[in-house]
Every structure is written in C-alpha cells, then in structure tokens.
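Let me begin by presenting the structure, written as structure tokens, before commenting on it.
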Amino acid sequence: MKTPQDIILKPIITEQSMEETMRGKYTFVVAKNATKTEIKKACEDMFEVKVLKVNTMHFAGKMRRMGKNKGRTASWKKAVITIDLDPQPEEYMLPGGKVETKSKRYKTEITEFGFGQ
Amino acid sequence: MTSQKVQEENRTIKFAVEVPADKFKKFLQAAHRKLAKHFQVPGFRKGKVPYPIVVNHYGESVLYDDALEEALPKVYEELLAQHEIEPYSDPRFNIREIGGNVGLKLDISVALKPVIELGEYEGLEAYRPPIEIEDEEIDKEIEAARTRVARLVPIGDRAIQEGDHVTIDYKGLKDDVPFDGGTAEGHKLEIGSGSFIPGFEEGLVGRKVGDTLDLPLTFPEEYHAEDLAGEDVVFSVTIHEALEREIPELNDDFVRDVSEKSDTVEEYREEIREQLEKKKADEADRIYDDGIIGAIVQSSKVELSDLMVDDEVESRIEQQQKQFSMYGINFMDFLRYSGQTIEDYKNSQSASVRRMLEGSWVLNAVREREQERIEVTDEEFEESVREAAESAGITEELFEEQYLKTDYDRDRFRHELEMKKLLSWLREISVATDVEPEPDEEPEDAEELAEEEEGNDLA
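For the protein sequence lines, the chains are A and B, in the order given. Numbering of the first sequence is given in our numbering, commencing with residue 1 and proceeding in unit increments. Numbering of the second sequence is given in our numbering, commencing with residue 1 and proceeding in unit increments.
Printed below as a string of structure tokens:
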C-alpha cells in the first residue's frame, strides 16, 4: 500500500509558490505514478486540509552530457493542490430525510509547508 | 511588556523584564525587513525571501542582533516611564532568554542618583606640601634657559670635538663597491649622538673643516641590515661645515635677552624664584584640595553605584584609545605588550575613578549647602571675564563672543567660578598639616606607562 509519504515527495519552495500559498495553492513534487485522487487523499490525510482541486504536470528530465555520453536527469511530476480556505461543515441526507452534519475540523493552511524539505 | 524590580542595593537597581513573544516577533520581522537583501535562498530573488523561510533556512539567531538593537532602547524607555526612574548611568542589559516563541526575557540594571550624607567639612586636616625652593633648582632653571637660547656658530679653525654639529658628504664602499644606504651628501650629524655606527663619529674628532678622509670601519655584528652586519667597509668622508653650540654667558646682557622684567642677574634669580614658587604653590594647593575633598568624603557617607564608576572607566579608556591612535598605537596592543589585559586595566582604574567621582559628588553637595557663601555676584563675574580674557590674550568682547555666547556657556563659566570660590573657602577653613599621608597602594599606573611609551616613540 502507498503511504501519503510515498506520494507527496517534497514541497517546491520558490517565490511563486510562496506567493500562491496565500490563495490556498500548495506545490509539491509527487510520485510519478500518483493519480490526482491519490494525491488529494494523501494531502487530506497528511495535512488535515480539504482539497478542492489537484493540478498535475509532467516534467521531462533535462538533457545532460559528459563528453560524448548523453543522458537525461530524472523526469518528475509536479502537483499544485488547491485547498479550501473556508471549509464548511458537511451535511448528509440520511435515509428518512434526516440531516446529519459532519463537522470534521479542517485546517486552513499547511503549516508544515516550507519545512522539512 | 512586564517588568519587576528584583534587586536594589548600593544605588544600583535591577529589573527583570519580559517582552511577550508576539511583541518580540514584530521586532524580529522588522529586523528581517531590514536585512532582507542579504538573504539568498534558491528559488527566490535576492531580497524576496519571506520571513518564515529565512528563519528556517538561516536560523532565527541571525535576526537577534538587529532586533535587539531596535527593541532594547524601546524596552528601556518604557521601563523608565513605568517606574519613573531617573537613570544616572547607561543601562546594562543581560539577556536571559530570546526567541520568536519565548519572547525576550532580560535583566536591566541601571544606576540611581548617588546618595550623599554630608559629614563634617569644616576644620578638617589635610596635607599641604611645604614650599621650599633650593638654590640648585634656580640654577637648573637658568641652565635650561641658557641652553634654550644657545646658538650654533662655526668652529672656525679648531679641530672637531664632541658635541659639534658637522655637515658631511660620505660614501661607503664594501670591497670597493658602494652599498645601499651608505652614501649621502650634505648630511648633518652631531658628534657623540651615536646615530652612526661605532667609530664613525669618533673618526671625525680631531679633524678640521675641509678635510677629506677615509674611515676603515667594521659594521657591528648585530646590525639590522644582514648583508652588512660584521662586514668591513671604508667610508670616504668630506667635512663641509662644523658648528658648535654657543651657550651664552650668564650676565646682565643675557638676562635682558631672555627676560622682560629683569635687568640684572640678581633680579633674574628672584624672578625665577617667584616663578618656581608659584608653580609649587599651585601644585601644593592641588594636593591640599585633594586632601580636603578626601577628608570630606571620609567623614561623609556616599553611596555611589558601581555602574557609574564603570561608565567613567569606559569613557577614560575611550579617551586613552584616542590619544594612542594619535601616535599610531593601538591601545589594546599596547596593553598586551605591557602584559595586561583590558580587565586588569579596568580594575586598576576603578579605585581611583571611584575616589574621583565620590569627591566630585561630595563637593557638589557641599556647594549646594553653601550656596549663599559662594554666590558669584555680577561684579565678580565681570571681573573674572576680564581676567580670563587677559590671560587668553584677547579682548573682553572677543572672549565673550567665543566662550560665553550661549546661556549654557555662561552657566558653566559661573559654575566654574563658584567651584573656585568654594575650594578657596574650604582651603581657608581647613587646617593644613605637613604630615605626609601614607601613599595609597595602587597597582602600576598604566597612564605613566603610556607616557613612557610615547616618549620612546617620539625619540
């Protein structure tokens, strides 16, 4: 089984990504074979936030050469996840028309972001 | 900010101060803004690294210095306002805890106004050295005056002897080849000054002006230029001019020359005696004053904070440093060479500084109590201005223009007059003794050492 730590590899911390955290967007390097759903789940487990959206992109490795030897650096996958900055309690309609409110406490920021790279 | 008095003794008060974390964090962030352009982290342009990233990347401690620089004066100001304290020294900060999460916890110590309980100050005994002028002292002064006005005159036809000033050309040859620094023209040399290698000056004695001679000499074994040390060389020397010091004879002519007042040798001796007497009397008064003040301090109770003494010691060290740097010496280096650390030096100074401070505070207390007695009237003020202007050699108007322009200057001048009056009053009511007090045991005075050092350097 994949643990969240196998999926979310490390944060990408740059001026741009720091700027976007204010709008609830956090950028990570993720496992190449991870899907958006897996990433969403991993984030919710790890950081206790409500993920609204996951955008992923593939990056091909860069060309490198040493003399006549050509090669590539490793390819990788980037994910920008958008979290809910104002999570509301969730309501369920139970059989019989009863409404139950499930209020899981979501955080509104990933405080670990930027730490433990 | 919370503060609490934790200790008060000997006019030093100590507070435990705490600045809450959120407030201290503001200072840290301000420090971050100030230093922003120095931080560089991959992924960020210079100057754009946000606060949390800096803390994570560099550690919070890089911000402490600047945060404290901002925070301490504000904290101190708030503390003074809170406790309504008038400080009499610079504050001492002792940081116990610091951090963005714990805030700032520190001790602040500061001196309070010294408390003086005046004791008896009338009719105290103090040592005043007797004023005695020996005939030899007068002779010495006159001798010095004669050498001072001595002129250099050509020696004419006689042979050169020790003490003459000669002008020479010389050329030094080692194995018939001139060597570096061995040749000069028109060089002035005093015979017997020892500024040339042994044998050179002696070799000129007995010669006459116009002579050309060869001096076979050997450089001393310990010579600073290694290629010359211990080598045999030949100097060929031409003597162009020789002068001798002509010391004027002690007669009435000489007296008229050097003195404005006296016409005869007898009068001149009397004039010198008066000068010496005045000098010695001033010196005696100074010692007497010190003695009186010391005695008042003895009879009074003075509580004076150590911090004030430290402040004064520091400012003295600063002065010393300035003085030393004028001669191109680093004061710290100097202390190291003389085998002292800066702490040793401070310790050696603090006792005398404390005495000095106690003296001036006590004197001030006496002044306050005797205000009426030493009141300077306007006439006296005018009179002093006249005197001061005269001794400075300028007109009264110019003196006022230069030294008494502002109220502050006038007050200070008046204050000085009051002090003078107070001291002379104290001299009158005190009893002079000729019993010399035991000299205080004081560690070697670095100031004297300093003077020696300076003397050597100038030589």
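Don't be surprised by glycine CBs; every beta carbon is placed ideally from N, CA and C. Computed from a prediction, not measured in an experiment: that's the story for all the values here.
Rounded to whole angstroms, A/I83 and A/E15 show a C-alpha spacing of 19 Å. Residues of chain A whose Cβ lies closer than 9 Å to the Cβ of B/R45 are, in chain order, E15. Under DSSP, the beta-bridge partners assigned to A/E90 are A/K102. With 16 or more other Cβ atoms inside 10 Å of its own Cβ, B/T12 counts as buried.
Under the Cβ criterion (8 Å, minimum of three pairs), the stretch 1-18 of chain B does not count as touching the stretch 49-61 of chain A. Scanning B/Y337, B/K346, B/V297 for the CA closest to the CA of B/R316 turns up B/K346. The beta carbon of B/V41 lies closer than 8 Å to those of V49, I53, V54, H57 in the same chain, with the five residues before and after it left out. By the C-beta criterion, the stretch 64-80 of chain A is judged to be in contact with the stretch 15-29 of chain A, since at least 3 inter-stretch pairs fall below 8 Å. Interface annotation for the stretch 14-44 of chain A against chain B: T14, E15, M18, criterion Cβ-Cβ distance under 7 Å.
Within the DSSP secondary-structure output, A/W76 pairs in a beta bridge with A/F59. Residue state for B/V49 is assigned as coil, using DSSP reduced to three classes. Among the residues facing chain A, B/K48 is included, as its CB has a counterpart in that chain under 8 Å away.
DSSP places B/R148 in no beta strand (DSSP E) but in the uninterrupted alpha helix (DSSP H) bounded by 135-148. Contact between B/M356 and B/I342 does not hold, since their C-beta atoms are separated by about 20 Å, which reaches or exceeds 8 Å. Under the three-state reduction of DSSP output, B/H224 falls in the coil class, being neither helix nor strand.
Taken through DSSP and simplified to helix, strand or coil, B/V205 comes out as coil. In the three-state scheme derived from DSSP, where H, G and I count as helix and E and B as strand, B/A184 is classed as strand. Looking from the CA of B/V177, the closest CA among B/E416, B/R412, B/V233 belongs to B/V233. Under the three-state reduction of DSSP output, B/Y403 falls in the helix class. Annotated three-state conformation of B/F24 is helix, per DSSP. For B/L63, there is no enclosing alpha helix (DSSP H), since its DSSP letter is neither H nor E.
By the CB criterion at 8 Å, B/Y51 and B/H32 fall inside the cutoff. Only exposed fits B/R386, as fewer than 16 other CB atoms lie within 10 angstroms of its CB. Proximity of B/I53 to chain A, defined by a Cβ-Cβ separation below 8 Å, is satisfied. Between the C-alpha atoms of B/F93 and B/R336 there is a straight-line separation of about 28 Å. The continuous beta strand (DSSP E) containing A/F28 extends over residues 25-30.
Distance from the Cα of B/P216 is smallest, within the candidate group B/A225, B/E222, B/E202, for B/E202.
Closest option to B/A295, judged by alpha-carbon separation, among B/L118, B/L35, B/D310: B/L118. In terms of CA proximity to B/W361, B/E303 leads the group B/I287, B/S384, B/E303. Annotation: the continuous alpha helix (DSSP H) that includes B/N364 extends over 342-369. Just so you know, the alpha carbons of B/E162 and B/I239 end up roughly 15 Å apart. Judged by DSSP in its simplified three-state form, B/D107 adopts strand.
Assignment of B/Y408 by DSSP, reduced to helix, strand and coil, places it in the helix class. The C-alpha of B/V75 is placed about 49 Å away from the C-alpha of A/I39. In the DSSP assignment, B/S305 falls outside any beta strand (DSSP E) and carries neither an H nor an E.
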